[in-house]
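Below is one structure, written out as structure tokens; comments come after it.
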Amino acid sequence: MGFFLETLFGGLMSGMLYALIGLGFVLIFKASGVFNFAQGAMVLVAALSMARFSEWFPRWLGFDNMILANVLAFIASAAVMFLLAVAIERFVLRHLVNQEATTLLMATLGISYFLDGLGQITFGSSVYSINVGMPKDPLMILDSMFEGGLLINLEDLTAAVIAALLVAALALFFQFTSTGRALRAVADDHQAAQSIGIPLNRIWVIVWSVAGLVALVAGIIWGSKFGVQFTLSTAALRALPVVILGGLTSVPGAILGGLIIGVGEKLSEVYLGSLVGGGIEIWFAYVLALVFLLFRPQGLFGEKIIDRV
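Counting the sequence shown from 1 gives a position; this note's numbering is that position plus 8.
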């Protein structure tokens with residue numbers, strides 16, 4: 009029982025990181041109605057910015073304080089993601105208003121390749137580390153209830169709490185603020201939103217900035233645990249099954265989808281891996297996503313779209 013709970017907790021904590029990355033996809037889709045293939049590249053650029061600025065600021069300003077370096081690096085990285093959002097809106101999205109979804113999809117794919125190249129040119133192609141002081145030691149809990157207790161990774165627990173707080177804040181933002189309602193209106197119909205005075209350009213800058221902030225937090229968590237390298241942009245696409253399960257338009261769906269994927273990966277690897285030679289954790293999420301695409305393509309909480317012909 010204790011081992012099962014350890015595996016379950018590990019899956020839940022991994023699932024919150026998946027949910028955080030998946031939330032970036034949902035944010036862009038809710039505002040533009042298109043899947044953002046550039047989200048993985050945004051996570052990469054954000055993580056590279058954080059890693060490099062935390063090294064550069066102590067050297068440039070002549071101090072040796074990790075906390076100050078990380079605070080300055082976070083502010084600078086957030087500024088980078090905001091400037092990227094402004095540039096994407098000004099030079100790409102503004103020219104594609106009312107275009108077909110396929111056109112916007114291809115535009116985000118182009119943005120992805122551009123950001124990969126920009127990150128390599130600006131920050132280099134080495135493997136970097138991010139040290140924000142997250143605890144690395146394991147934590148033993150419930151030792152009075154289970155023999156040997158439950159071993160929890162403190163770094164995973166801290167990351168899960170941070171991800172959960174950010175996800176909850178964004179869910180409340182979408183549900184209870186006028187800007188959140190404007191974002192939903194823009195997603196439903198660009199022309200109708202503009203006709204009632206919603207500034208489409210400003211809304212797109214806001215949503216890409218928020219998606220950039222989500223990418224930054226996800227990049228910091230991922231980079232702190234695994235390091236920052238250029239495979240991160242494709243690794244972030246592991247969150248794709250999350251939005252397929254939860255629904256491309258649902259913030260709560262991204263949360264639940266992330267938890268289902270995280271727990272399912274861990275439990276299937278532990279209890280079914282030996283039956284098929286292992287490796288279930290790598291492909292479990294994609295098989296589950298395929299099942300949903302076949303039988304419930306809108307996901308658990310997504311909206312079923314009906315077009316009048």
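Where is the CB? At the ideal position from N, CA and C, for every residue including glycine. Please read these numbers as outputs of a predicted model, since none were measured by experiment.
Rounded to whole angstroms, how far is the Cβ of residue i from the Cβ of residue j, which I believe are closer than 8 Å?
i      : j      : result
Gly23  : Gly270 : 2 Å
Leu28  : Leu174 : 6 Å
Met142 : Ser40  : Contact doesn't hold; Cβ gap of about 33 Å is too wide.
Gly48  : Thr242 : 6 Å
Leu178 : Val259 : 6 Å
Arg102 : Asn209 : 6 Å
Going along the chain, which residues of its own chain have a beta-carbon closer than 6 Å to the beta-carbon of residue i, five neighbours each way excluded?
i      : result
Pro305 : none
Val169 : none
Glu289 : Glu273, Glu277
Trp68  : none
Gly333 : Residue 333 lies beyond the stretch modelled for the chain, which goes from 9 to 317, so this question has no answer here.
Give me whichever residues DSSP pairs with residue i in a beta bridge.
i      : result
Met336 : An answer regarding residue 336 cannot be provided, because it is not within the stretch 9 to 317 covered by the chain.
Val236 : Tyr136
Buried or exposed for residue i, going by 16 or more other Cβ atoms inside 10 Å?
i      : result
Lys274 : buried
Tyr121 : exposed
Val317 : Only weak support is given to the placement of Val317: the predicted model assigns it a pLDDT of 44, under 50, and the value that follows is read from those uncertain coordinates. Exposed, since its Cβ has fewer than 16 Cβ neighbours within 10 Å.
Phe11  : exposed
Asn161 : buried
Met74  : exposed
Glu108 : exposed
Tyr279 : exposed
Trp291 : exposed
Trp230 : buried
Ala200 : exposed
Phe43  : buried
Within the 8 Å Cβ cut-off, does residue i reach chain C?
i     : result
Leu16 : No chain C is present in this structure, which holds just one protein chain.
Beta-carbon within less than 7 Å of residue i's beta-carbon, same chain only, minus the 5 sequence neighbours each way: which residues are those?
i      : result
Pro66  : Asp72, Ala77
Gly125 : none
Between residue i and the rest of its own chain, which residues show a CB-CB distance below 8 Å, the 5 nearest in sequence each way excluded?
i      : result
Leu253 : Gly261, Leu264, Gly265, Ile268, Ile269, Leu296, Ala297, Phe300, Gly307, Leu308
Leu20  : Ala168, Leu267, Gly270, Val271
Which whole runs of the alpha helix (DSSP H) in the segment 10-71 are 4 residues long or more, in chain order? 10-40, 47-69
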